[in-house]
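A.B. asks:
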Amino acid sequence: MEIYRHACPRNCFSTCGMLSYIEDGKLMKVSGDAKHGYNQGRLCAKGYAYTQYVYNPYRLKHPIKQTPRGSGNWERISWEEAYDTIADKILELNKRYGSNLASGYNKFSGNIGLLHYAVEGMFNSIGPHTKPIGNPCLITGEQAMRKSFGQMNSMMPEKMAKMNAIVIWGANPAVTNVHQMKFILQARQKGAKLIVIDPVFTRTAATADIFIQINPGTDGWLALGAAKLLIQSESYDQEFVRNQTVNWEEFHQYVNEQVDLHEVCRQTGIALDVICELVSIYSMAEPCATWIGFGIQRNVNGGKNISAINTLAVLGCHSGQENRCVYYSHSGIDDFPVNLLNHEEPEHPIVLHSREIDINNFAENASKLVDPPLKLLWIALRNPLSQDQDFQAWESLMNELELIVTVDLFMTKSAEMSDIVLPAASHFEEMDLNVSYWHHWLSINEKAIPPYYEAKSDLQIARELMKKLNDRSPGFSNFPSEREPIDWIRMELTPSVKKLYSVECIDDLLEGPRLRTEEVSNSSSSSFKFRLFSQGNKGTSTHFINRRKTDVEESYPFQLLTPQSLLKIHSQYETMPWLNQAAEQEVVELSEYAAEKNGIMEGDKVELFNQNGKIAAIARISRFLPQKVILVKQAGKNPINRLIVHRPQENKEKSSMNFYDSSVNIRKWREKNG
Ligand SMILES: Nc1nc2c(c(=O)[nH]1)N[C@H]1C(S)=C(S)[C@@H](COP(=O)(O)OP(=O)(O)OC[C@H]3O[C@@H](n4cnc5c(=O)[nH]c(N)nc54)[C@H](O)[C@@H]3O)O[C@H]1N2
Ligand SMILES: Nc1nc2c(c(=O)[nH]1)N[C@H]1C(S)=C(S)[C@@H](COP(=O)(O)OP(=O)(O)OC[C@H]3O[C@@H](n4cnc5c(=O)[nH]c(N)nc54)[C@H](O)[C@@H]3O)O[C@H]1N2
Ligand code: SF4
Ligand SMILES: [Mo]
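Numbering (full-length UniProt numbering), first residue to last: 1 to 674.
#1: Taking the alpha helix (DSSP H) that L500 belongs to, which residues open and close that run?
#2: Comparing C-alpha positions only, which one of S233, Q634, F149 sits nearest to Y573?
#3: Three-state secondary structure (DSSP) at M28?
#4: Is any heavy atom of ligand 4 found at a distance shorter than 7 angstroms from the C-beta of R365?
#5: For S502, does the count of other Cβ atoms within 10 angstroms reach 16, so buried, or fall short, so exposed?
#6: Look up S541 in the DSSP assignment and say whether it is helix, strand or coil.
#7: Tell me which residues share the same chain as residue 688 and place their Cβ nearer than 6 angstroms to its Cβ, disregarding the 5 neighbours each side in the sequence.
#8: Given 7 angstroms as the limit, tell me if L138 has its C-beta closer than that to any heavy atom belonging to ligand 4.
#9: I'd like the span of the beta strand (DSSP E) that includes M18, first residue to last.
#10: Can you tell me where the beta strand (DSSP E) with G613 in it begins and where it stops?
#11: Out of V167, E395, N301, point me to the one whose CA is closest to residue 687's CA.
#12: Note down, in chain order, each residue of its chain lying with its Cβ closer than 6 angstroms to the Cβ of V196, except the 5 sequence neighbours on either side.
#13: Since I believe S154 is in contact with S329 (beta carbons under 8 angstroms), could you give me their beta-carbon distance rounded to a whole number of angstroms?
#14: Check whether the stretch 286-306 touches the stretch 656-664, counting contact only when three or more Cβ pairs, one atom from each stretch, lie closer than 8 angstroms.
#15: Quick one: Cα of L381 to Cα of S148, how far?
#16: Hey, Y4 and S14: beta-carbon distance below 8 angstroms or not?
#17: Run the CB neighbour count on E671, radius 10 Å, all protein chains shown included, and call it buried at 16 or more, exposed below.
#18: Which residue marks the beginning of the beta strand (DSSP E) containing E74, and which one marks its end?
#19: Mark R76 as exposed unless 16 or more other C-beta atoms lie within 10 angstroms of its C-beta, in which case mark it buried.
#20: Quick one, which of G636, M417, I569, V632 has its alpha-carbon nearest A582's?
#21: Mind reading off the beta-carbon distance from F533 to F251? Whole number of angstroms is fine, and I expect it under 8 angstroms.
#22: Alpha carbon to alpha carbon, how far is G127 from H343?
#23: Looking only at its own chain, which residues have a Cβ that is under 6 angstroms from the Cβ of K468, when we skip the five neighbours before and after it?
#24: With hydrogens ignored, establish whether the beta-carbon of F659 is closer than 7 angstroms to any heavy atom of ligand 4.
#25: Nearer than 7 angstroms: is that true of the beta carbon of P287 relative to any heavy atom of ligand 2?
#26: Looking at G17 and D33, is the spacing between their C-beta atoms short of 8 angstroms?
#27: Are the beta-carbon atoms of M122 and F479 separated by less than 8 angstroms?
#28: What are the residues that DSSP puts in a beta bridge with Q585?
#29: What's the gap between the Cα of G141 and the Cα of A415?
#30: Can you find at least 3 beta carbon pairs, one from the stretch 213-227 and one from the stretch 251-260, that sit closer than 8 angstroms?
#31: If you drop the 5 nearest sequence neighbours on each side, which residues of the same chain put their C-beta closer than 8 angstroms to that of G539?
#32: Compare the C-alpha of Q213 against each of R69, L422, E429, V274 and name the closest.
#33: Between E234 and H262, what straight-line distance do the alpha-carbon atoms span, to the nearest angstrom?
#34: I'd like to confirm something about F294: is its beta-carbon nearer than 7 angstroms to some heavy atom of ligand 4, or not?
#35: From the DSSP output, in three-state form, read off N247 for me.
#36: Going by beta carbon distance, what residues of the same chain come within less than 7 angstroms of P474, once the five residues before and after it are set aside?
Right, here's the structure in full:
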C-alpha cells in the first residue's frame, strides 16, 4: 500500500495533517498524520469519512449542462464543449461591452488550500472583471482585533494547555474545533478553570466549570461591567495601562460614569454575583486565555463587543504582556506571497480596475450593476443558495445572467440553478499547500489518486480555460497555463517562508508538516500600544445598538441563531450516510416559553417566518434555550438562510455577515397560508 501526505482543506480551524493509504490507485483509508503537532495523528469524523466522500455516488463525474436553467434537464457534455461555450460567452461579452467587466465570480471557502486561489488568478489574468470582496465569516472580528492590537495573531493554540483559566466567548470548539478540546482538557486536568459564555448551552458549555448564559449580542456590556469591577478593585496592571495603552483616561472616566452595573445585568441577563465570579477569574488566574469565537461577531454589535472583551482581557492580565493571551484567529496566509490570489491583471486601455462588490450583499449589488451589467457568473468553492442570504435577490440576479457556471464536487443548491456544472477534484486528486487560520503549521498536500472520472482541480480548469481563450484570441489572458501545481507551490516557498518554517525544499514538507519557528502572539509587536475600548461617536447615549428597533422586527420577537453542525461543514457532507441522514424537514429548537406562547408541542410541524418568507420545521422544545432564542442548524434541504436578514455593522466598515442577528416568529404549520 502506498502512503501519501495531505492536509484537510475544509474551512475548519484544524487544517489537519492527514495520510492516505492507496491500493491500485484507490483510496482505501485515511488517518491523521502523527507528525502534525496540532491534530497529532487524529481526525474528526468528517476526516475519517473521506473514503466515502471521494467515492460518493452523488459526486459529479462529468461536465453537464442544463436547458433551460433550473429545469433539471441535464445532459452530459465534454470538457471541450464546456470550455467552448464558456470561452465563446466571455469573448462575446468582451466584444459587446469593450471589457470583461460583465464577467465575474463568487468564490468562498470550499477548499482553503493556497492553490485554490486559482479562481482569483484566472479572473485577474483577463484584466478588469467583477469580483467579490470581503468575507462573510470573520472580517468584523479581524478588524476589531487589528484595532485593539495592531495585528491579528494568536499564540500557538497548543499553548492553551498551559493556561490556568480559559474563558471562551462565543465559540463552540466541541463542535467546530474538536482538536482544541484536547488542549483545553490538558489544562483542566492541571486544575485550570473553563468558563463558557454563550446564549446556548452547547456541547462545550457542558464540559465547562462555569457556564454563563448571556443574551445574544450583549457581550460588550458584560465585558465593560466586568472591567468596571476590575478597575474598582484595582486588580489590574497599572504600569502596563499607563505605558502601553491608548485612551486610558477616557476609558476610565467612561466606565466610571456611564457603565451602570444594573443595566449590565439587565442587558446581559446575568446576575451580578456571576459577573463578580468572572472578574475574580480574570484577576486571579494566570495565565488566562480569552478565546473570542466567530459567534461573537455575527451581530450588529460584533466589532464593539470584541473591542470590549479585548479590553477586559488586557486589564485582567496583570503580570506582563506575554501573558496576554487573546485567541481569535491566526492569519497564517499572511506569511506567503499567494501568487495566484495576487496574480497581476494585464492593463486595459480604458478600464483601470476590476469592479468590486461586497460578497455579503453580492446578489443585490451585482443586480444593480450597469455599464455593463453582470452577465456571466462563475461560482466555485461556494454554495451561496445555501450559505448566503437574500435568496430573492439571488433569484432576480440569476434571471439577468446569461451564463452561470458552477464548479463543485456535488450537485449543490447553487449548481442546480446553473447552466453548466463542472466536476471538481478532491484534495486527494491534486497537489496543494496549506496553512491554517488557527494553528501555525505548514503542510503539503500530495496527489495520491487519479481524478474521479473527469473531475479537475480549480487550477487545472483555470489553466485549460485560459489556454482555450488564448487559442481563440491570442493574448486575451496572461495566465501561465504551462505552470504546473508544483511550480506554484515552489513559488510560495520564498526565502523568507523557507526560513520561517525551516524548510529547504518541497521534499522537507513531504517528510512532515513544519511549525512556524517565530513565536507570534497579541503582544509580539511591542511598539504598538493597545487601544482600549472607545465608545465611538460622542453623544450617543447607548454603548451598543439595541436589537429590534423597527416595527417590522417587533412582529418577529425571536432571535434566530444558526450555528455550525458537528458532522457537516456548512452545506457539505449532507449526502454522506456515515455522517448524516438526509432529512425531509429541518429541526427547530425553541424554548419552553416560545412553545407555550404559541401552543406548540414537541414534534409538531411548525413554520418559522419573517419578512423574507417561511420555512417548515419540526419542533424540539429545549429547557436550556433562552426564552427568545430560536436555534436552527445551517444548510439542509430547505436552507434556513432564506430567513437571514443582513444588517450591516453600524460603522459602515467592511463586516462579516450578521448571521445571528435575524428576527423570526414561529407558529404551528398552516397549510393554506401562502
Ligand atoms: N445561517 C448561517 N449561514 C452561514 C453561517 C452561519 O453561521 N449561519 N456561517 C457562514 C460561514 S462562517 C461561512 S465560512 C460560510 C461558508 O460558505 P461556503 O464557502 O459557501 O460554504 P460551503 O457550504 O462549505 O460551500 C462550499 C462549496 O465548495 C465545494 N467545494 C469543496 N471543495 C472544492 C474544490 O476543491 N473546488 C470547488 N470548486 N468546490 C469545492 C463544496 O462541495 C461546497 O459545495 O457560510 C456562512 N453561512
Ligand atoms: N463541525 C464543523 N466545524 C466547523 C464548521 C462547520 O461548519 N462544522 N465551520 C468552520 C467555520 S467556517 C467557522 S467560521 C467556525 C465557527 O466556529 P465558532 O468560532 O465556534 O463560531 P460559531 O459556530 O459561529 O458560534 C459559536 C457560538 O457562538 C454562540 N453565539 C452566538 N451569538 C453569540 C453572542 O452574541 N455572544 C456569545 N457569547 N455567543 C454567541 C453560538 O450560540 C455558538 O454556540 O467553525 C469552523 N468549524
Ligand atoms: S474537517 Fe477539520 S477537524 Fe475534520 S479532518 Fe478536516 S481539518 Fe480536521
Ligand atoms: Mo466561517
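Backbone N, C-alpha and C fix where the C-beta goes; we use that ideal spot for every residue, glycine too.
C.D. replies: Result, derived from the coordinates:
#1: Within the sequence shown, numbered from 1, the residue matching residue 500 stands at position 500. First-last of the alpha helix (DSSP H) with L500: 495-500.
#2: Sequence index remark: in the sequence shown, residue 573 carries index 573 (1-based). Nearest of S233, Q634, F149 to Y573, Cα basis: Q634.
#3: Counting from one through the sequence shown, the residue named residue 28 turns up at place 28. M28: strand per DSSP, three-state reduction.
#4: Against the sequence shown, residue 365 aligns to sequence position 365. The amino acid at residue 365 is misidentified as Arg; the sequence shows Asn. Result no, Cβ not under 7 angstroms from ligand 4.
#5: The sequence position of residue 502 within the sequence shown is 502, counting from 1. Result: exposed.
#6: The residue given as residue 541 occupies position 541 in the sequence shown. Bear in mind that the predicted position of S541 carries a pLDDT of just 44, short of 50, making it unreliable; the figure below should be weighed with that in mind. If DSSP states are grouped into helix, strand and coil, S541 belongs with coil.
#7: Residue 688 is absent from the structure shown; the chain starts at 1 and stops at 674.
#8: Locating residue 138 in the sequence shown gives position 138, counting from the first residue. Under cutoff, so the answer is yes.
#9: In the sequence shown, counting from the first residue as 1, residue 18 sits at position 18. It spans 17-23 - the beta strand (DSSP E) in which M18 sits, taken as one unbroken run.
#10: Walking along the sequence shown from the start, residue 613 turns up at place 613. Residues 613-622.
#11: Outside the displayed span of the chain (1 to 674) sits residue 687, for which this structure offers no information.
#12: Along the sequence shown, one-based indexing puts residue 196 at 196. Taken in chain order, the residues that qualify are I168, T204, A205, A208, F211.
#13: Within the sequence shown, numbered from 1, the residue matching residue 329 stands at position 329. Within the sequence shown, numbered from 1, the residue matching residue 154 stands at position 154. Yes, S329 and S154 are in contact; Cβ-Cβ is about 7 angstroms, under 8 angstroms.
#14: The stretch 286-306, when compared against the stretch 656-664, does touch it at the 8 angstroms Cβ threshold.
#15: To locate residue 381, count along the sequence shown from 1; it is residue 381. To locate residue 148, count along the sequence shown from 1; it is residue 148. Approximately 32 angstroms, taken between the alpha carbons.
#16: As a working note, residue 4 is residue 4 in the sequence shown. As a working note, residue 14 is residue 14 in the sequence shown. No, Cβ-Cβ distance for Y4 and S14 is not below 8 angstroms.
#17: Start at 1 with the first residue of the sequence shown, and residue 671 comes out as number 671. So E671 counts as exposed.
#18: Mapped onto the sequence shown, residue 74 falls at position 74. In the sequence on display, residue 74 carries Trp and not Glu. Start and end: 74-76.
#19: For this step, residue 76 is matched to residue 76 along the sequence shown. Looking at its Cβ environment, which holds fewer than 16 other Cβ atoms inside 10 Å, R76 is exposed.
#20: In the sequence shown, residue 582 corresponds to position 582, counting from 1. Considering only alpha carbons, the answer is G636.
#21: Position 533 of the sequence shown holds residue 533. Position 251 of the sequence shown holds residue 251. With 8 angstroms as the limit, F533 and F251 qualify as a contact, their Cβ atoms being about 6 angstroms apart.
#22: On the sequence shown, residue 127 is found 127 positions in, with the first residue counted as 1. On the sequence shown, residue 343 is found 343 positions in, with the first residue counted as 1. Their backbone Cα atoms lie some 10 angstroms apart in a straight line.
#23: Reading the sequence shown from its first residue, position 468 is the one you call residue 468. Cβ within range, chain order: Y83, A87.
#24: Counting from one through the sequence shown, the residue named residue 659 turns up at place 659. Answer for F659: no, Cβ out of range of ligand 4.
#25: Translated into positions along the sequence shown, residue 287 becomes position 287. Because no heavy atom of ligand 2 lies under 7 angstroms away, the Cβ of P287 does not count as near it: no.
#26: To locate residue 33, count along the sequence shown from 1; it is residue 33. To locate residue 17, count along the sequence shown from 1; it is residue 17. In this structure, G17 lies closer than 8 angstroms to D33 by Cβ.
#27: For the purposes of this step, residue 122 is taken as residue 122 along the sequence shown, with counting starting at 1. For the purposes of this step, residue 479 is taken as residue 479 along the sequence shown, with counting starting at 1. In this structure, F479 lies closer than 8 angstroms to M122 by Cβ.
#28: Here residue 585 refers to the residue found at position 585 of the sequence shown. According to DSSP, Q585 bridges with nothing at all.
#29: Counting from 1 along the sequence shown, the entry for residue 141 is found at position 141. Counting from 1 along the sequence shown, the entry for residue 415 is found at position 415. Their backbone Cα atoms lie some 31 angstroms apart in a straight line.
#30: yes
#31: By one-based count along the sequence shown, residue 539 stands at place 539. With a pLDDT of 46 at G539, under the threshold of 50, the modelled position of that residue is not reliable, and the figure given next carries that caveat. There are no such residues.
#32: Translated into the one-based positions of the sequence shown, residue 213 becomes position 213. When only C-alpha atoms are compared, the closest one is V274.
#33: The count along the sequence shown starts at 1 and reaches residue 234 at position 234. The count along the sequence shown starts at 1 and reaches residue 262 at position 262. Straight-line Cα distance between these residues: approximately 21 angstroms.
#34: Residue mapping note: residue 294 aligns to position 294 of the sequence shown, counting from 1. Yes - ligand 4 has a heavy atom lying nearer than 7 angstroms to the Cβ of F294.
#35: For this step, residue 247 is matched to residue 247 along the sequence shown. The three-state secondary structure of N247, taken from DSSP, is coil.
#36: Your numbering for residue 474 matches position 474 in the sequence shown. Counting only Cβ-Cβ distances below 7 angstroms, and skipping sequence neighbours, we find nothing.
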